[in-house]
Each structure stands twice: as C-alpha cells, then as structure tokens.
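Undergrad:
Number of protein chains: 2
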Amino acid sequence: MDKIIYVVGFGPGDKQFMTMQAVEIIEQADLIVGYTTYTDILKAQFPDKKYLSTPMRKETDRCRLAVEKALEGNTVAMVSSGDSGIYGMAGIMLEIADEMQANVEIVTVPGITAASTAASVLGAPLMHDLSLISLSDLMTPLELIFRRVEAAASADFVISLYNPKSRKRVDYLEKAADIIMKYRDKGTPVGIVRNAGRPDQKAWLTTLSELKNEPVDMFCVVIVGNSQTYIKNNRMITPRGYKINEQ
Amino acid sequence: MDKIIYVVGFGPGDKQFMTMQAVEIIEQADLIVGYTTYTDILKAQFPDKKYLSTPMRKETDRCRLAVEKALEGNTVAMVSSGDSGIYGMAGIMLEIADEMQANVEIVTVPGITAASTAASVLGAPLMHDLSLISLSDLMTPLELIFRRVEAAASADFVISLYNPKSRKRVDYLEKAADIIMKYRDKGTPVGIVRNAGRPDQKAWLTTLSELKNEPVDMFCVVIVGNSQTYIKNNRMITPRGYKINEQ
Chain A
3 MDKIIYVVGF GPGDKQFMTM QAVEIIEQAD LIVGYTTYTD ILKAQFPDKK
53 YLSTPMRKET DRCRLAVEKA LEGNTVAMVS SGDSGIYGMA GIMLEIADEM
103 QANVEIVTVP GITAASTAAS VLGAPLMHDL SLISLSDLMT PLELIFRRVE
153 AAASADFVIS LYNPKSRKRV DYLEKAADII MKYRDKGTPV GIVRNAGRPD
203 QKAWLTTLSE LKNEPVDMFC VVIVGNSQTY IKNNRMITPR GYKINEQ
Chain B
3 MDKIIYVVGF GPGDKQFMTM QAVEIIEQAD LIVGYTTYTD ILKAQFPDKK
53 YLSTPMRKET DRCRLAVEKA LEGNTVAMVS SGDSGIYGMA GIMLEIADEM
103 QANVEIVTVP GITAASTAAS VLGAPLMHDL SLISLSDLMT PLELIFRRVE
153 AAASADFVIS LYNPKSRKRV DYLEKAADII MKYRDKGTPV GIVRNAGRPD
203 QKAWLTTLSE LKNEPVDMFC VVIVGNSQTY IKNNRMITPR GYKINEQ
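Line by line, the protein sequences give chains A and B. Counting with our numbering, you get residues 3 to 249 for the letters of the first sequence. Counting with our numbering, you get residues 3 to 249 for the letters of the second sequence.
1. Should arginine 157 of chain A be flagged as near chain B, meaning a C-beta pair shorter than 7 Å?
2. Using only the alpha-carbon positions, how far apart do tyrosine 53 of chain B and histidine 130 of chain B sit?
3. Taking the alpha-carbon positions, what's the lysine 245 of chain B to proline 143 of chain A distance?
4. Quick one: list the residues of chain B neighbouring tyrosine 8 of chain A, beta-carbon separation under 7 Å, in chain order.
5. What residue from B:Pro57, B:Arg169 and B:Leu132 has the CA that sits closest to aspartate 158 of chain B's CA?
6. To the nearest angstrom, how far is the alpha carbon of isoleucine 181 of chain B from that of valine 172 of chain B?
7. Please work out which residues of its chain come closer than 6 Å, Cβ to Cβ, to aspartate 219 of chain A, disregarding the five sequence neighbours upstream and downstream, and give them in chain order.
8. Look at proline 191 of chain A and methionine 238 of chain A and say whether their C-beta atoms are less than 7 Å apart.
9. What is the rounded straight-line gap between the Cα of alanine 198 of chain A and the Cα of alanine 153 of chain A?
10. Determine the extent of the beta strand (DSSP E) in which glutamate 107 of chain B is found, giving its start and end residues.
11. Can you grab the Cα-Cα spacing for the pair isoleucine 28 of chain B / arginine 186 of chain B, in whole Å?
12. Kindly list, in the order they appear in chain A, the residues whose Cβ is closer than 9 Å to that of isoleucine 88 of chain B.
13. In whole angstroms, what is the alpha-carbon distance linking glycine 227 of chain A and alanine 205 of chain A?
14. Closer than 9 Å, Cβ to Cβ, to anything on chain B: give me those residues from the segment 46-64 of chain A, in chain order.
15. If contact means a Cβ-Cβ distance below 8 Å, which residues of the segment 16-27 of chain A contact chain B?
16. Does the Cβ of glutamate 145 of chain B have 16 or more other Cβ atoms within 10 Å, making it buried, or fewer, making it exposed?
17. Contact defined as beta carbons within less than 8 Å: I believe isoleucine 225 of chain A pairs with alanine 121 of chain A. What is the distance between those atoms, to the nearest angstrom?
18. My understanding is that alanine 117 of chain B touches leucine 96 of chain A, with C-beta atoms under 8 Å, so please give their C-beta distance in whole angstroms.
19. Determine, using beta carbons only, whether aspartate 32 of chain B comes closer than 7 Å to chain A.
20. Have a look at phenylalanine 148 of chain B and lysine 71 of chain B and give me their C-alpha separation to the nearest angstrom.
21. Whose CA, out of B:Val81, B:Asn215 and B:Thr119, lies closest to the CA of aspartate 42 of chain B?
22. Note the first and the last residue of the continuous alpha helix (DSSP H) segment covering tyrosine 174 of chain A.
23. Is glycine 11 of chain B closer than 7 Å to glycine 75 of chain B when the C-beta atoms are compared?
24. Beta-carbon separation of leucine 128 of chain A and valine 151 of chain A under 7 Å?
25. Enumerate in chain order the residues of its own chain whose CB-to-CB distance from lysine 188 of chain B is below 7 Å, with the five nearest sequence positions on each side excluded.
26. Over what stretch of residues does the alpha helix (DSSP H) that includes lysine 60 of chain A continue unbroken?
27. Just verifying my parser: in three-state terms, what is the DSSP assignment at arginine 196 of chain B?
28. Among all the DSSP beta bridges, which residues are the ones paired with leucine 132 of chain B?
29. Distance, Cα to Cα, threonine 21 of chain A vs isoleucine 114 of chain A?
30. Should leucine 163 of chain A be flagged as near chain B, meaning a C-beta pair shorter than 7 Å?
31. Ends of the alpha helix (DSSP H) at serine 83 of chain A?
32. Kindly indicate if chain A contains any beta-carbon less than 7 Å away from that of alanine 92 of chain B.
33. What did DSSP end up calling arginine 186 of chain A once you bin it into helix, strand or coil?
34. Kindly list, in the order they appear in chain A, the residues whose Cβ is closer than 9 Å to that of lysine 234 of chain B.
35. Among all the DSSP beta bridges, which residues are the ones paired with proline 191 of chain A?
36. If you measure from the beta carbon of proline 217 of chain B to each beta carbon in chain A, is any gap under 7 Å?
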C-alpha cells in the first residue's frame, strides 16, 4: 500500500503553531484538500501548493475526493484546524476510506487543539482534570450534551466548551452556565478566547454568572474553571492539586 | 519588562512533533531548564544549548531557578513534555513568579498533549466529547479522582487516563475500569499507547474488562472509548455523532 492520505491538524493556522511534521507534509504533498476557510489560511503561507476545497458540512464528499485523488497517485494532505484527532477529520476519513474499500493508508498527524491554544493565551487554566464538550447539537442529542455538562460540573472538572454558540444555538451557552452553577460558585472564573492564535485574537475573563452577557460566537473557545481556579495579574490559573502534600 | 521565561511544551520529544515556535524558542534561548529526563531528550536534538536540570517532583525549585536565571538576564525556556498548559509547568511557573514578585514575563508555548499523540497512533478515538483524568493521587484526593471517572463514565465521555499506574498505585486503573463498567459495556474498546511518539512506542487495543490484565505503567496513556466507539481494521474509531442527521 503506497497510496497515502495524511490527515493533518494545523492548529490555529499560523505556521509557528504547526508541528515540524505538519509543515513538512504540507510542503511535500501533491494536493491539499480541505474546507475552504482552512485552505485559504494555508494558501497564504504555502502559496505554491495545489489545493482542492469543499464547503463546510460536506465532510463525507471531501473525504471521498481525497481518496479518489490518492488513488490517482497523489500524496494527499487532508487539512483542518486544531488537532485532526479531536473533533477533527481523522475519524470520518478512516470511515470513508473503509467504506470505499480503498487501498489507501490513512495517517493522522496531530496538531494543537483549540483548548490548548486558548489556555496558553489565558494563563494556565488546564492544569487539572479537564472535559472538552462541544455545544453543537448537529449530530449529538442536546439532552446528552447537557448531561455531559452536568456530569463535568458535578465532578469539578475544568470545562472547555467548543462551538459554544451559533446563530441557531443562541441559548445553549446560558443553559450550560446555569447547569454548572448548580455545582459551582457563580463567581467561578471563565476565560473566553475568540480566534485563538490568529491575528485578530481577542481574549477576556468573566465569571459563570456573567457568561450569558458576553459576546460569544462560533469562533470562541470558552474555558470554565474548576472550584480552585483563580485570577491573578489578569491570568486564569487552575492549581495543579488540592494541597494534600505540600512540596 | 524584558525578562522572559517561555514555558514550552515539546510534545512527545522528537523535533518533528514540536511546533515551529517551540523549536525556534529552544534554539534561541540562553538557557533550557527542565526535569532531567526532558533535558536529556532535548540535548540529543539541540546539543549546543546550555541546560539546567532538576529532579522530578522538584517543580517549585525548578521554577525558582528559572526566575533567578531570567532575572540575571537569560532568556529561559522551561521545558516539559506534552502541552505545557495541560498538567504541565505553566501554572506552577506563573504561581512561583508571582510569589517571588519577579518582574519576569511568563509566556506559555503550547505543545501536543499526550492524548493527542496517543490518539493519532490508535486511529481516531477522540472524535467526540472527552475527559482527561490523571489517576495520580499525589496532589488530588483519590475520592475525587474516582468521582470524576464515574461522572465521565455516566455521561458517555471518551476518557483518556494520564498517569494510569505506578508502583505505588497498582490497583487504581482496575478500580477505574470497574467504575466505568457500571455504565459501559465490558467489551468497550480501550487503546493503550506506551511512550507515544517516541522511538520505543508500543500501542495495542483491549477491552474494559481486560484492562486490568494489561501491562500498563506510568509511560502509558489509556483511552477508553464511549458507547459508540468501535474497532475496524485494527483502528479505534469514535464516530463524530449519534446519527441524528445523516449527511
């Protein structure tokens, strides 16, 4: 099997946040396939490459296209932001390649996930156990999403919310905050990063009770602290532990 | 403020998995500070740099050393594996710099966290909501750790276990598996990766009920699938959704 598709997570987008491996694969690929927004980000940095883009939500078509192009003899890089392995293209790519019974090797190339980028901007909010939850109910029952929010809140996880809001989902974030406040103080620190790691990045701090009033949209990652999280010098910090053993 | 400490996550260790930014900072730093195992990994790849290492569990001493060296005028890179922002050095570094009232800027440089690397090896197990839980009770009450395992299990999170076992904690992993099996089928796929992304990497698949018999140690990451996770062609795959809307 010498046909190969690399499923590359490129992090927030700028080359500096890509791994050496991701940069090398993009530079050497015959063809870069991705959602238009992502290929546009890469075109600006790798202008001499050949690109094929498909619209958002056409993931299965995009994967079929990648397989077809690989079978024609192209080394394909299927690209997406963040980590291709966390809410990324790795799974659907494996599923489609299998469905097509294509003799193509699928290699996942991990990247920096959005929670990591957002955390690095805010300070150090992810120093303890963490739940990543997407508030998009496009493919997940809303009841299950809120059950996860409640479970994570009840067990004092730091909670990082992906896809926190869209035009169709205006009140999910407020509902999530209400659920978390059943278990956590309303003054619990919350960090919001819009376009994390991108030129127009914006980051700010708020609290659980104020979260509903914040201008959050689909380009934001929201990080809710655990019971120990605090703000100092405008940085959001979750301590490593619960002070059982002092060092 | 021109004194600066970069808190750099270098992923599994090999340069190919570091971000361009991490490589550049390491190459340009006056001094690289870290736990001995980590500085040894970097020395092999950046042999001309100046290193200072301290033993494991001396994190606060290491941070004070970094601050002192920065105040002397050195640009310092405080290094650790994975993402410096997830169970990493970013938080303690901010805390110590604040405690010392040091006029030093702390910049977090994110890296690929162990769950991302392990997932890329196993297939695509992290395509849906995820909990990261450390089974180390060095600084966290064991009761809280198991409460988190139970909460994550009850709400069908994919669960990635860090520090799954050590010589002192021989039965925590088995207890965690027992808790998860209260909510999830005993045949639920589990992926184990030892030394993910390193030359002696080893990865294999098992099930929840068999997990207790696996040779897991502190160099492993354990990923427990959710109710939808399956194995196909020896790859562990968690589907993106719950098939509400077919595409």
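Built from N, CA and C at the ideal position, the CB exists for glycine as well.
TA: Looking at the coordinates:
1. Looking up residue 157 of chain A in the first sequence gives position 155. The sequence given here places alanine at residue 157 of chain A; arginine does not occur at that position. True, the Cβ-Cβ gap to chain B drops below 7 Å.
2. Taking the first residue of the second sequence as 1, we reach residue 53 of chain B at position 51. Taking the first residue of the second sequence as 1, we reach residue 130 of chain B at position 128. Distance between the alpha carbons of tyrosine 53 of chain B and histidine 130 of chain B: 40 Å.
3. The sequence position of residue 245 of chain B within the second sequence is 243, counting from 1. The sequence position of residue 143 of chain A within the first sequence is 141, counting from 1. For lysine 245 of chain B and proline 143 of chain A, the distance between alpha carbons rounds to 9 Å.
4. Position 6 of the first sequence, counting from 1, holds the residue named residue 8 of chain A. Here the premise fails: no neighbours, minimum Cβ distance about 11 Å.
5. For the purposes of this step, residue 158 of chain B is taken as residue 156 along the second sequence, with counting starting at 1. Relative to aspartate 158 of chain B, the option among B:Pro57, B:Arg169 and B:Leu132 whose CA is nearest is B:Leu132.
6. Within the second sequence, residue 181 of chain B is the residue found at index 179, counting from 1. Within the second sequence, residue 172 of chain B is the residue found at index 170, counting from 1. About 16 Å.
7. Here the question's residue 219 of chain A lines up with position 217 in the first sequence. The answer, listed in chain order, is Lys167.
8. Along the first sequence, one-based indexing puts residue 191 of chain A at 189. Along the first sequence, one-based indexing puts residue 238 of chain A at 236. Yes. Within cutoff.
9. Residue numbering aside, residue 198 of chain A sits at position 196 when the first sequence is read from its first letter. Residue numbering aside, residue 153 of chain A sits at position 151 when the first sequence is read from its first letter. So the two alpha carbons sit approximately 27 Å from each other.
10. Position 105 of the second sequence, counted from the start, is the residue given in the question as residue 107 of chain B. According to the DSSP assignment, glutamate 107 of chain B belongs to the beta strand (DSSP E) that extends over 107-111.
11. Start at 1 with the first residue of the second sequence, and residue 28 of chain B comes out as number 26. Start at 1 with the first residue of the second sequence, and residue 186 of chain B comes out as number 184. Between isoleucine 28 of chain B and arginine 186 of chain B, the C-alpha separation is close to 44 Å.
12. For the purposes of this step, residue 88 of chain B is taken as residue 86 along the second sequence, with counting starting at 1. At a C-beta separation below 9 Å, isoleucine 88 of chain B has these neighbours in chain A: Ala117, Ser118, Ala121, Leu128, Met129 and Leu132.
13. Position 225 of the first sequence, counting from 1, holds the residue named residue 227 of chain A. Position 203 of the first sequence, counting from 1, holds the residue named residue 205 of chain A. Glycine 227 of chain A and alanine 205 of chain A: Cα-Cα distance of roughly 15 Å.
14. Residues are counted here when their Cβ sits less than 9 Å from a Cβ of chain B; for the segment 46-64 of chain A these are Arg59, Lys60, Glu61, Thr62 and Asp63, given in chain order.
15. The residues in question are Lys17, Gln18, Phe19, Met20, Thr21, Met22, Gln23, Val25 and Glu26.
16. Residue 145 of chain B sits at position 143 when you count from the first residue of the second sequence. Burial check for glutamate 145 of chain B: the Cβ neighbour count within 10 Å stays below 16, so the residue is exposed.
17. Within the first sequence, numbered from 1, the residue matching residue 225 of chain A stands at position 223. Within the first sequence, numbered from 1, the residue matching residue 121 of chain A stands at position 119. Contact annotation, isoleucine 225 of chain A with alanine 121 of chain A: C-beta distance approximately 6 Å; criterion of less than 8 Å satisfied.
18. For the purposes of this step, residue 117 of chain B is identified with residue 115 of the second sequence, where counting begins at 1. For the purposes of this step, residue 96 of chain A is identified with residue 94 of the first sequence, where counting begins at 1. So it is not a contact: roughly 18 Å between Cβ atoms.
19. Stepping through the second sequence from its first residue, residue 32 of chain B is reached at position 30. Not a single C-beta of chain A is nearer than 7 Å to the C-beta of aspartate 32 of chain B.
20. Here residue 148 of chain B is taken as the residue at index 146 of the second sequence, counted from 1. Here residue 71 of chain B is taken as the residue at index 69 of the second sequence, counted from 1. Approximately 40 Å, taken between the alpha carbons.
21. Here residue 42 of chain B is taken as the residue at index 40 of the second sequence, counted from 1. That would be B:Val81, whose Cα lies nearest to the Cα of aspartate 42 of chain B.
22. Here residue 174 of chain A is taken as the residue at index 172 of the first sequence, counted from 1. Looking at the DSSP string, the run of the alpha helix (DSSP H) that includes tyrosine 174 of chain A is 174-183.
23. Locating residue 75 of chain B in the second sequence gives position 73, where the first residue counts as 1. Locating residue 11 of chain B in the second sequence gives position 9, where the first residue counts as 1. No, the pair does not count as a contact, with Cβ atoms beyond the cut-off.
24. On the first sequence, position 126 is the one that residue 128 of chain A refers to. On the first sequence, position 149 is the one that residue 151 of chain A refers to. No; because the gap between Cβ atoms is not below 7 Å, this pair is not in contact.
25. Residue 188 of chain B sits at position 186 when you count from the first residue of the second sequence. The answer, listed in chain order, is Thr209, Leu210 and Ser211.
26. Position 58 of the first sequence holds residue 60 of chain A. Segment: none, lysine 60 of chain A is in no alpha helix (DSSP H) and carries neither H nor E.
27. On the second sequence, residue 196 of chain B is found 194 positions in, with the first residue counted as 1. For arginine 196 of chain B, the three-state secondary structure derived from DSSP is strand.
28. Looking up residue 132 of chain B in the second sequence gives position 130. BP columns for leucine 132 of chain B point to A:Leu134 and B:Val160.
29. Here the question's residue 21 of chain A lines up with position 19 in the first sequence. Here the question's residue 114 of chain A lines up with position 112 in the first sequence. Threonine 21 of chain A and isoleucine 114 of chain A have their C-alpha atoms spaced approximately 8 Å apart.
30. Residue numbering aside, residue 163 of chain A sits at position 161 when the first sequence is read from its first letter. Contacts with chain B at 7 Å (Cβ-Cβ) do not include leucine 163 of chain A.
31. As a first step, residue 83 of chain A must be located in the first sequence, where it is residue number 81. Run containing serine 83 of chain A: none; DSSP gives neither H nor E here.
32. Your numbering for residue 92 of chain B matches position 90 in the second sequence. Alanine 92 of chain B has a beta carbon lying within less than 7 Å of a beta carbon in chain A.
33. Numbered from its first residue, the first sequence carries residue 186 of chain A at position 184. In the structure shown, arginine 186 of chain A falls within a coil segment according to DSSP collapsed to helix, strand and coil.
34. For the purposes of this step, residue 234 of chain B is identified with residue 232 of the second sequence, where counting begins at 1. Within 9 Å Cβ-Cβ: Leu96, Glu97 and Asp100.
35. To locate residue 191 of chain A, count along the first sequence from 1; it is residue 189. DSSP links proline 191 of chain A through a beta bridge to A:Thr209.
36. Reading the second sequence from its first residue, position 215 is the one you call residue 217 of chain B. Using a CB distance cut-off of 7 Å, proline 217 of chain B does not count as an interface residue toward chain A.
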